[in-house]
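Numbering (mature numbering (1 follows the signal peptide of the UniProt record, and there is no 0)), first residue to last: -19 to -1, 1 to 211.
The beta-carbon is built from N, C-alpha and C at its ideal position, and this holds for glycine as well.
What follows is a set of notes on a single structure, which appears directly below.
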């Protein structure tokens, strides 16, 4: 009877010990699993955060790269635009000095500048000398603007006394203070008189054109480039 009781007590003690060990191992396993899971979650968060930072950094770098590229394109385009503006404003033709008068102008291809008589030059069309522009220049005080206009009208009236003198388009360009233009038809085509006042001289132009040549645009373009040369 005593042995049976001892055996029962021994078995109970062993069972309790085994249960305690199992619980401890289970707790340790659970804690270990939780620790590993927490570590994995932390690592996952770190990876995610790192990827987010990398994406943000890459995005900023890309944006910076695009901005730099845009600035470079603007800087590269600016000189080209400036060059285009300079080319557009630069007069065409060859800069030519008058032999008899103190002025120079740009002469277009196909035209020749020559001295007609003292105080008068002739800029004529090379393939048709009957198409030409007479150029007269005056120093300040020699002739005023209204006197030059009267002289131009008298010349046009002599060309065609029966025709009414029509007012043409005034010239506008750098260096021109004011200008006026008049024209009449002629047997050959049309005659145009132009008066240009500049700060340091007065210019009087008489243009003889015909329908075949139609050179009025060339002559007025060249006339606007006249500059006084001392």
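Anyone know if the C-beta pair for residue 162 and residue 141 falls short of 7 Å?
Here residue 162 refers to the residue found at position 181 of the chain shown. Here residue 141 refers to the residue found at position 160 of the chain shown. Contact flag unset, no.
In whole angstroms, give me the CA-to-CA distance for residue 99 and residue 144.
Translated into positions along the chain shown, residue 99 becomes position 118. Translated into positions along the chain shown, residue 144 becomes position 163. Going from the Cα of residue 99 to the Cα of residue 144 covers about 30 Å.
Check this for me: beta carbons of residue 149 and residue 164, under 7 Å apart or not?
The residue you call residue 149 lines up with position 168 of the chain shown. The residue you call residue 164 lines up with position 183 of the chain shown. Residue 149 places its beta carbon less than 7 Å from that of residue 164.
From the DSSP output, read off the bridge partner residues of residue 188.
Reading the chain shown from its first residue, position 207 is the one you call residue 188. According to DSSP, which records beta bridges pairwise, residue 188 is partnered with 114 and 173.
Expressed to the nearest angstrom, what Euclidean distance is found between the alpha-carbon atoms of residue 77 and residue 88?
Position 96 of the chain shown, counting from 1, holds the residue named residue 77. Position 107 of the chain shown, counting from 1, holds the residue named residue 88. Each residue's alpha carbon lies about 7 Å from the other.
Please name the residue, chosen from 83, 112 and 201, that lies closest to residue 151 on a Cα-to-Cα basis.
The sequence position of residue 151 within the chain shown is 170, counting from 1. Per the Cα distances, 201.
Compare the C-alpha of residue 160 against each of 127, 139 and 85 and name the closest.
Your numbering for residue 160 matches position 179 in the chain shown. Of 127, 139 and 85, the residue nearest in Cα terms is 127.
Extent of the continuous alpha helix (DSSP H) run through residue 136:
As a working mapping, residue 136 is identified with position 155 in the chain shown. That run of the alpha helix (DSSP H) goes 126 to 140.
For residue 112, which option in 187, 158, 157 and 83 has the closest C-alpha, if you only look at C-alpha atoms?
Residue numbering aside, residue 112 sits at position 131 when the chain shown is read from its first letter. Cα-wise, what sits closest to residue 112 is 187.
For residue 171 and residue 153, I'd like the C-alpha separation in whole angstroms.
In the chain shown, residue 171 corresponds to position 190, counting from 1. In the chain shown, residue 153 corresponds to position 172, counting from 1. Those two C-alpha atoms are separated by around 22 Å.
Which residue or residues does DSSP assign as beta-bridge partners of residue 108?
Residue mapping note: residue 108 aligns to position 127 of the chain shown, counting from 1. None, per the DSSP bridge assignment.
Hey, would you say residue 124 sits closer than 7 Å to residue 183, going by beta carbons?
Looking up residue 124 in the chain shown gives position 143. Looking up residue 183 in the chain shown gives position 202. The answer is yes: Cβ separation under 7 Å.
Bridge partner(s) assigned by DSSP for residue 163:
Position 182 of the chain shown holds residue 163. Its beta-bridge partners are 148 and 174.
Pick from 147, 91, 196 and 137: whose alpha carbon is nearest that of residue 185?
Start at 1 with the first residue of the chain shown, and residue 185 comes out as number 204. The option with the nearest alpha carbon to residue 185 is 137.
Start and end of the beta strand (DSSP E) containing residue 77?
Here residue 77 refers to the residue found at position 96 of the chain shown. Run containing residue 77: 75 to 78, per the beta strand (DSSP E) assignment.
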